[in-house]
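Note that UniProt numbering numbers the sequence shown so that position 178 is 178, with each residue one more than the last. The beta carbon of each residue, even a glycine, is placed where N, CA and C say it ideally should be. Treat the numbers as computed from the prediction; the structure is a model and nothing was measured. To keep things clear, I will list the structure first and then write my remarks on it.
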Amino acid sequence: MSDNQNLLAEQRRALILEEVRRRGGARVNELTRRLSVSDMTVRRDLDALARQGMLEKVHGGAVPVGEPSAHEPGFEAKSALELSAKEDIAVAAAQMAAPGSAIALAGGTTAYALAQQLVDVPDLTVVTNSVRVADVFYTAQRATASGGAGPRAGAATVVLTGGVRTPSDTLVGPVADAAIRSLHFDLLFLGVHGISVKAGLSTPNLAEAETNRHFMRSARRVVVVADHTKWGTVALSSFATLEQVDVVVTDAGLAPEARERFAELPPELVVAGEPWQESAGEG
């Protein structure tokens, strides 16, 4: 009986480790449902895996063992993570973009998902330093033109900054910074590598940190789009405090403990799929 229990524990922990690595993190209640075991069993398994250095425990669950703070994953690697969460966030965030407004979309896979939701918002002016984001709008416009209808009325005007390309297909550096400094946005949608109370918003790329600062200075309103796995992550360079953010849009996977912390912080928290009333408009 003991051997069977040990075997089951090993199999269960392998499944937990796979889930944490595949999704970039997992909550205890998610693991209990998936494995059909008790909360206490999952917590014991997480303790054992953490002691072995296989994962890191966080409030309410676990995340993969931390990468070096300067490690920057490529776009393709990040795009495979938390797909449904990013889609939910994109749908919720897109509702904040008013027709005819000037918006900025910084780089990242969540911004890429958001761009796909914004292509039908009329008369937007979109400034982005993301090659991938710009391509979403260009592709949509080419598809309309190839259908014989000509340019669609109200199609977005897209401005792609110059700059040096990062592994996440984002343009950064002095050229990007100079372009952004001369502009003014109604709204900035900003993806992040990490978000925490102490470190604020952070990125592993020093040049990207500076470009993000310029984006924030040029925006009347700053909306951070970040899935729940970004909470508690700290990368090499902090570029803003949470006090400098107006709204954080996340997904329903955000742990209750993190929600409680947000209740004490200045940014308004929007959880995709849950009721929300905007307290301050764009006007």
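{"Asked": "When the Cα atoms are used, what is the spatial distance from residue 138 to residue 189?", "Found": "19 angstroms"}
{"Asked": "Rounded to whole angstroms, what is the Cα-Cα separation between residue 100 and residue 123?", "Found": "4 angstroms"}
{"Asked": "Would you give the residue range spanned by the alpha helix (DSSP H) that residue 86 belongs to?", "Found": "83-94"}
{"Asked": "Note down, in chain order, each residue of its chain lying with its Cβ closer than 6 angstroms to the Cβ of residue 281, except the 5 sequence neighbours on either side.", "Found": "In this prediction, residue 281 has a pLDDT of 39, which is less than 50 and means its spatial position is unreliable; nothing more can be read from the coordinates."}
{"Asked": "Taking Cβ positions, are residue 250 and residue 89 nearer each other than 8 angstroms?", "Found": "yes"}
{"Asked": "Hey, residue 133 and residue 171: beta-carbon distance below 8 angstroms or not?", "Found": "no"}
{"Asked": "Taking only heavy atoms of the ligand MG into account, decide whether any of them is closer than 7 angstroms to the Cβ of residue 128.", "Found": "Within the structure as shown, the ligand MG is missing, as the structure has no ligands at all."}
{"Asked": "In angstroms, rounded to a whole number, what distance separates the CA positions of residue 30 and residue 54?", "Found": "19 angstroms"}
{"Asked": "Could you tell me the boundaries of the alpha helix (DSSP H) in which residue 134 lies?", "Found": "131-144"}
{"Asked": "Any Cβ of chain C within less than 8 angstroms of the Cβ of residue 129?", "Found": "No chain C appears in this structure, which consists of one protein chain only."}
{"Asked": "Which residues mark the beginning and the end of the beta strand (DSSP E) in which residue 175 is found?", "Found": "Per DSSP, residue 175 belongs to no beta strand (DSSP E); it is in the alpha helix (DSSP H), 174-181."}
{"Asked": "Just how far apart, CA to CA, sit residue 279 and residue 243?", "Found": "Below a pLDDT of 50, predicted positions are generally treated as unreliable, and residue 279, at 42, falls in that range; no measurement from the model is reported."}
{"Asked": "Kindly identify the DSSP beta-bridge partner or partners of residue 192.", "Found": "None, per the DSSP bridge assignment."}
{"Asked": "Using three-state DSSP, classify residue 211 as helix, strand or coil.", "Found": "helix"}
{"Asked": "Per DSSP, residue 64 is paired with what?", "Found": "55"}
{"Asked": "Using the C-alpha atoms, what's the distance from residue 224 back to residue 26?", "Found": "22 angstroms"}
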